[in-house]
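Trainee: I have a structure I would like to understand better, so I am pasting it below and will then ask my questions one at a time.
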Amino acid sequence: MSKQNTYSPSAEVGSVRTRRTRKQRIWIELKKAPVSAWVGILIITFYAVMAIFAPLIAPYGEAEVFDVPFAQWDDTHWLGTDQIGRDVLSRLIFGARNTIGIALATTFLAFLIGGSLGLIAAINRGWLDQLISRGVDVLMAIPSLIFALMLLSIFGSSAWSLIMIIAVIDSTRVFRLTRAVAVNVAVMDYVEAATVRGEGLGWIMRKEILPNIMPPLVAEFGLRFCFVFLTIASLSFLGVGIQPPTADWGSMVRETAQLIQFAKYDIKAALTPLIPAGAIALITVGVNFLVDWFLQKSSGLRDE
Amino acid sequence: MNNGTTSPKSSDQSPDQNDVLLEIRDLKIEGFADEKWNPIIKGIDLTLRRGEVLGLIGESGAGKSTLGLAAMGFTKAGCRITGGSIVYDGIDLVSATEAEKRALWGTDLTYVAQSAAASFNPAHRLIDQTIAATVREGLQSSQAAKADARDLYGALSLPNPDTIGDRFPHQVSGGQLQRVMTAMAMSSRPKLIVFDEPTTALDVTTQVEVLLSMRKAVKEFNTAAIYITHDLAVVAQMADVIKVMQHGHEVEEADTRTMLSDPKEEYTRSLWSVRMLEKEPVHSDDIVLSIDSVDAAYGKAKVLHDVNIKLPRGKTVSIVGESGSGKSTTARVVIGLLSASTGSVSFNGERLPAHLKNRTKEQLRKIQMIYQMADTAMNPRQTVGEIIGRPLEFYHGLKGADADKRVIELLEQIDLDESFFDRLPSELSGGQKQRVCIARALAADPEIIICDEVTSALDQIVQEGILQLLLRLQKEKNISYLFITHDIATVSAISDEIVVMNHGAVVEQGSKDAVLSPPYPEYTKLLLSSVPEMDPDWLDAVTAKRSS
């Protein structure tokens, strides 16, 4: 009470507290997370472990061919074999690595392209903004799957062209979002203060604006990842995505699709094409759980 | 619960008791932050009679707004009432159900918020929002309420009272919107209105009109009111009784005249003495910055007309004027955010490139700027150390331990300490934020600092601290200030010379004494006479003088 009647600038905020470390803050957040978020985290961890340790976990090699095609589920091949006699379980595990890896790379690239252009457009607000935005409008006007099919048939179906093409197409959505949120930040006084200080475009983009638009971008990253994942799976299903012998869930569904018609004779065999499809569905659900939670609390700046 | 909520009980009581409209006893409120409940209001008593206006005054964080809202039985999300009673007209608002309170809110108990612009729905016409609660509770038919609202607009001296209600919120000015909000609060003829800093966001000339019309309306309808503010001079005009608060406690309460002439407590006296800061003006012919016949425009709209301002070295030139007078635009031309269409800005006799892109790093370094809203002037994701450290690295190439050492020196210069190094702006008070902004400007080692309304968002005590800091820094480092403000008290505290601006042109420039003493040009006179004084009769005197 001694400082009641005197004024001291450092005592203006009553209780001075030390800021929590990042680790503490993350732990507090996790403790408060809803069940769905935990389920999401578990699913994603499971997939990540599968993808990273695929060669150790998988019972057989990715392209190892056995004598019996379309073998039944048994102790040697838990999920049977596919049309040329490769172990389905092993391919499922390796598929996680390939599909998730390519989807992640694509999403990162899409954010790099779309995010940078969005930030530049938001800061510039002039003819450059118009040029980029209208260009993006043109790209977005073309249905993305058909556009991807067209480009893939022009450039060929290598993993690299797959990544580049989907990244460019998806970067248009990222651009839209980045530009929309960055415009609100770009007009703040602290951005003006940085401009007046003489800071370059790179600093303003990375240090002044980007940290303040991270929450919506991270949430979008999760959603975008799901869409990219589905696009790759669809393209693989259509036969222009990831090429054999590389294991991939989309092409696995296609390769064993005809087994579905034997459902009335052998229910287990009919399930074989549904398992990779289910794997795709499950990771999409898991990522969405996590993103939902993140979106809910994305606006908070304080570490309480 | 439709029409009026006066309980029959109150009329049976003795006339003395009957007079009391609101009685708060030993009220305690806590707020949830940092994973625990912290006391905000620590046992406050308050008694308000019918038709009486109570002024609540104190620094930010004193609990004024929380108490004001609690008087209506309302607590913000994350707050809870932990003890005491709030009895309004025989109803205990602490134990009343949500539905009971809801019937009172907007009809018997109304609220005028600080930012009218943020409180109106931009999608609806003003008149529909004015009468919404009145019609909803069935007090009046829509037609009658609208007619009444038009009368209220008239009583609140709004222009075109018959048609202004048909406009949308963005089509009227800030001062008008604040009065429409008062009309909204008056529409149901409430018994109690809570005004939460309703004129803080307005400039002086508008503030007088709003104050006057609010007071008139409150008196005319014999409404009781709680008027929350941190501006003493304003509360002196409005209130019958003043209550001073600090840290959730009551410091003292007395009727306005007694309180102004004879405050009991040390703390109250310190509030009173804030505006005693004075600076002896010194004349100098050593011009560091010269603005020569500058015209400037935003697109086609011309905002500056032939502006000439000279800033002597180591001195302060204040630019005063109401909003829209071109003060801030002048600052933008000086720092090069807006290019002058004609005329030039010279620094140390050397003509500066019009746009900041063409200026050298040295030129940029020597002219720094401090903003009005320290909140938005600092990146919320950077720590104090990063904010102050960046100009050190950018202009002086300081890095690592050297830079950290210098940041701590700067923090000490602005009366803060090392413990602030790792804090985020959201963990600072308003005054501390502004100090960090000053430190950021100092880090560049500038010759000129442009201060754009740097104190107008702060409490009086904090304002004084900042002004003293600026004066001290000027003495130590011989920095020149271009000080933009609409507050005449600040001007007399800090400036050597004054420039009065109106409609984008300079009305007069001269030494402080010359400008602040008669004879004045017409506009300067209006501006000076609009500054509230700590005299309860001031508003009446001004009105009498202007109408005669």
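Protein chains in written order, with the numbering used here: chain A, 358 to 661; chain B, 10 to 557.
Ideal Cβ positions, reconstructed from N, Cα and C, are used throughout, including at glycine.
Because the structure is a prediction, the values reported are computed rather than measured.
To the nearest angstrom, report how far apart Gly-335/B and Met-382/B are at their CA atoms.
Mentor: One-based indexing of the second sequence puts residue 335/B at position 326. One-based indexing of the second sequence puts residue 382/B at position 373. Going by the C-alpha atoms only, they are around 18 Å apart.
Trainee: Which runs of the alpha helix (DSSP H), 4 residues or longer, sit entirely within the region 446-532 of chain A?
Mentor: 484-498 and 501-512
Trainee: Let me make sure I understand the geometry here. Which of Gln-123/B, Met-193/B and Gln-149/B has the alpha-carbon closest to that of Ile-136/B?
Mentor: As a working mapping, residue 136/B is identified with position 127 in the second sequence. Minimum Cα distance to Ile-136/B is reached at Met-193/B.
Trainee: Step through the CB atoms of chain B and report whether any lies within less than 7 Å of the CB of Ser-359/A.
Mentor: Locating residue 359/A in the first sequence gives position 2, where the first residue counts as 1. In this prediction, Ser-359/A has a pLDDT of 37, which is less than 50 and means its spatial position is unreliable; nothing more can be read from the coordinates.
Trainee: Could you give the DSSP three-state label for His-593/B: helix, strand or coil?
Mentor: Residue 593/B is absent from the structure shown; chain B starts at 10 and stops at 557.
Trainee: Would you say Tyr-97/B lies against chain D (beta-carbon separation less than 7 Å)?
Mentor: No chain D is part of this structure, whose protein chains are labelled A and B.
Trainee: Could you tell me if Trp-517/A is buried or exposed, where buried requires 16 or more neighbouring beta carbons within 10 angstroms of its beta carbon?
Mentor: Here residue 517/A is taken as the residue at index 160 of the first sequence, counted from 1. By the 10 Å Cβ count, Trp-517/A comes out exposed.
Trainee: Within 10 Å of its beta-carbon, does Trp-435/A have 16 or more other beta-carbons around it, so buried, or fewer, so exposed?
Mentor: If you number the first sequence from 1, residue 435/A lands on position 78. Counting Cβ neighbours within 10 Å, Trp-435/A comes out exposed, since fewer than 16 surround it.
Trainee: Between Phe-451/A and Glu-421/A, is the Cβ-Cβ spacing less than 7 Å?
Mentor: Along the first sequence, one-based indexing puts residue 451/A at 94. Along the first sequence, one-based indexing puts residue 421/A at 64. Result no, Cβ atoms of Phe-451/A and Glu-421/A do not sit closer than 7 Å.
Trainee: Which of the residues in the region 373-394 of chain B, read from start to end, lie with their CB under 7 Å from any CB of chain A?
Mentor: Leu-373, Met-378, Tyr-380, Met-382, Thr-385, Ala-386, Met-387, Asn-388, Pro-389 and Arg-390
Trainee: Quick check: what's the CA-CA separation for Ile-624/A versus Lys-45/B?
Mentor: Stepping through the first sequence from its first residue, residue 624/A is reached at position 267. Stepping through the second sequence from its first residue, residue 45/B is reached at position 36. For Ile-624/A and Lys-45/B, the distance between alpha carbons rounds to 57 Å.
Trainee: Please classify Glu-462/B: does DSSP put it in a helix, a strand, or coil?
Mentor: Counted from its first residue, the second sequence places residue 462/B at position 453. Note: Glu-462/B maps to coil in three-state DSSP.
Trainee: Along the chain, where does the beta strand (DSSP E) that runs through Gln-255/B open and close?
Mentor: For this step, residue 255/B is matched to residue 246 along the second sequence. In the DSSP assignment, Gln-255/B falls within the beta strand (DSSP E) that extends over 250-255.
Trainee: Does the structure place the region 635-648 of chain A close enough to the region 399-414 of chain A that three or more beta carbon pairs sit under 8 Å?
Mentor: At 8 Å Cβ cutoff, the stretches touch.
Trainee: Can you tell me whether Ile-417/B is helix, strand or coil according to DSSP?
Mentor: To locate residue 417/B, count along the second sequence from 1; it is residue 408. Residue state for Ile-417/B is assigned as helix, using DSSP reduced to three classes.
Trainee: Answer yes or no: does any C-beta atom of chain A fall closer than 7 Å to that of Ile-38/B?
Mentor: Within the second sequence, residue 38/B is the residue found at index 29, counting from 1. Chain A contact via Cβ: absent.
Trainee: Going along the chain, which residues of its own chain have a beta-carbon closer than 7 Å to the beta-carbon of Leu-165/B, five neighbours each way excluded?
Mentor: For the purposes of this step, residue 165/B is taken as residue 156 along the second sequence, with counting starting at 1. Same-chain partners within the cutoff: Arg-188, Thr-191, Ala-192, Ser-222 and Ala-226.
Trainee: Is DSSP giving Asp-472/B helix, strand or coil here?
Mentor: Counting from one through the second sequence, the residue named residue 472/B turns up at place 463. In the sequence under discussion, the amino acid at residue 472/B is Gln, which differs from the Asp named in the question. In this structure, Gln-472/B counts as helix in the three-state DSSP scheme.
Trainee: Let me check understanding here. Comparing Cα to Cα, which of Gln-216/B, Leu-113/B and Glu-261/B lies closest to Ser-197/B?
Mentor: Position 188 of the second sequence, counted from the start, is the residue given in the question as residue 197/B. Of the listed residues, the one whose Cα sits closest to Ser-197/B is Leu-113/B.
Trainee: Give a yes or no on whether the C-beta atoms belonging to Ile-503/B and Leu-537/B are separated by under 7 Å.
Mentor: On the second sequence, residue 503/B is found 494 positions in, with the first residue counted as 1. On the second sequence, residue 537/B is found 528 positions in, with the first residue counted as 1. Contact: no.
Trainee: Is the region 512-520 of chain B touching the region 316-324 of chain B, taking contact as three or more C-beta pairs under 8 Å?
Mentor: Between the region 512-520 of chain B and the region 316-324 of chain B there are three or more inter-stretch CB-CB distances shorter than 8 Å, so the stretches are counted as touching.
Trainee: Answer yes or no: do Thr-613/A and Thr-603/A have a C-beta to C-beta separation smaller than 7 Å?
Mentor: Looking up residue 613/A in the first sequence gives position 256. Looking up residue 603/A in the first sequence gives position 246. In this structure, the beta-carbon distance from Thr-613/A to Thr-603/A does not fall below 7 Å.
Trainee: How far does the alpha helix (DSSP H) with Arg-58/B in it extend, from its first residue to its last?
Mentor: As a first step, residue 58/B is located in the second sequence; it is residue number 49 there, counting from the start. Counting along the chain, Arg-58/B falls outside any alpha helix (DSSP H), though it belongs to the beta strand (DSSP E) covering 45-58.
Trainee: Please classify Pro-434/B: does DSSP put it in a helix, a strand, or coil?
Mentor: Position 425 of the second sequence, counting from 1, holds the residue named residue 434/B. Residue state, collapsed to three classes: helix.
Trainee: When we look at the beta-carbon of Val-181/B and count the other beta-carbons within 10 Å, is it buried (16 or more) or exposed?
Mentor: What you label residue 181/B is simply residue 172 of the second sequence in a count that begins at 1. So Val-181/B counts as buried.
Trainee: Looking at Gly-115/B and Lys-37/B, is the spacing between their C-beta atoms short of 7 Å?
Mentor: As a first step, residue 37/B must be located in the second sequence, where it is residue number 28. As a first step, residue 115/B must be located in the second sequence, where it is residue number 106. No, the pair does not count as a contact, with Cβ atoms beyond the cut-off.
Trainee: Ordered along the chain, which non-local residues of its own chain (more than five positions away) have a Cβ less than 7 Å from that of Asn-511/B?
Mentor: For the purposes of this step, residue 511/B is taken as residue 502 along the second sequence, with counting starting at 1. Beyond the five residues adjoining it in sequence on each side, Asn-511/B comes within less than 7 Å, by CB distance, of Gly-330, Ser-334 and Tyr-532 in the same chain, given in chain order.
Trainee: Name the residue from Asp-431/B, Arg-374/B, Asn-231/B and Ile-237/B whose alpha carbon lies nearest to the alpha carbon of Asp-468/B.
Mentor: The sequence position of residue 468/B within the second sequence is 459, counting from 1. Comparing Cα positions, the closest option is Ile-237/B.
Trainee: If you follow the beta strand (DSSP E) that Arg-341/B is part of, which residue opens it and which one closes it?
Mentor: Numbered from its first residue, the second sequence carries residue 341/B at position 332. Looking at the DSSP string, Arg-341/B is not in any beta strand (DSSP E); the run it does join, the alpha helix (DSSP H), is 336-344.
Trainee: Is the region 244-252 of chain B touching the region 263-270 of chain B in the sense that three or more CB pairs, one from each, lie closer than 8 Å?
Mentor: yes
Trainee: Quick check on Pro-572/A - is its C-beta less than 7 Å from some C-beta in chain B?
Mentor: Counting from one through the first sequence, the residue named residue 572/A turns up at place 215. Taking Cβ atoms only, chain B never reaches closer than 7 Å to Pro-572/A, which makes this a no.
Trainee: Just the C-alpha distance for Gly-483/A and Ser-490/A, rounded to the nearest angstrom, thanks.
Mentor: The sequence position of residue 483/A within the first sequence is 126, counting from 1. The sequence position of residue 490/A within the first sequence is 133, counting from 1. The alpha-carbon atoms of Gly-483/A and Ser-490/A are separated by roughly 11 Å.
Trainee: Does the CB of Lys-370/B have a neighbour CB from chain A at under 7 Å?
Mentor: In the second sequence, counting from the first residue as 1, residue 370/B sits at position 361. Cβ-Cβ to chain A under 7 Å: yes for Lys-370/B.
Trainee: Taking Cβ-Cβ distances shorter than 8 Å, what residues in chain A pair up with Phe-403/B?
Mentor: In the second sequence, the residue the question calls residue 403/B occupies position 394. Arg-554, Gly-555 and Glu-556, listed in chain order.
Trainee: Could one say the Cβ of Leu-658/A lies closer than 7 Å to chain B's Cβ atoms, at least one of them?
Mentor: Here residue 658/A corresponds to residue number 301 of the first sequence, with the count starting at 1. Note on Leu-658/A: pLDDT 38, under 50, position unreliable in the model; no value is reported.
Trainee: Chain A beta carbons: is any one of them nearer than 7 Å to that of Ile-344/B?
Mentor: As a position in the second sequence, residue 344/B is number 335, starting the count at 1. Yes - at least one Cβ of chain A is within 7 Å of the one on Ile-344/B.
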